[in-house]
Amino acid sequence: AVNMVVVSFAIPASHMSLDTIYSKLIGHIDQNVMQAVITVASDAMQIAGPIYGSAVFTSLGLNYI
43 AVNMVVVSFA IPASHMSLDT IYSKLIGHID QNVMQAVITV ASDAMQIAGP IYGSAVFTSL
103 GLNYI
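Sequential numbering from 43 applies to the sequence shown in my numbering.
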């Protein structure tokens with residue numbers, strides 16, 4: 043339960059700081075499309091990350107932990 047509370051605050055806070063850094067990197071161009079691209083990439087990583095991690099853990103097991 044504590045983990046869920048921490049994650050519920052940590053993920054939006056990390057997105058906010060990443061969005062700020064990203065907007066500074068892309069400069070004064072139209073940011074709508076670029077923000078959409080980084081949001082889609084972030085969402086895809088949140089889906090693919092656990093799947094990839096599970097596959098690696100399944101293939102390697104506890105030997106390397």
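Every residue, glycine too, gets a C-beta built ideally from N, C-alpha and C.
As the structure is a computational prediction, the values presented were derived from the model and not from experiment.
Query, Result
"Boundaries of the alpha helix (DSSP H) in which residue 52 is found, first to last residue", "44-68"
"Cβ contact check for the stretch 75-83 and the stretch 52-67: 3 or more pairs under 8 angstroms", "yes"
"Alpha carbon of residue 87 to alpha carbon of residue 57, nearest angstrom", "13 angstroms"
"Residue 89 versus residue 102: straight-line alpha-carbon distance, rounded", "21 angstroms"
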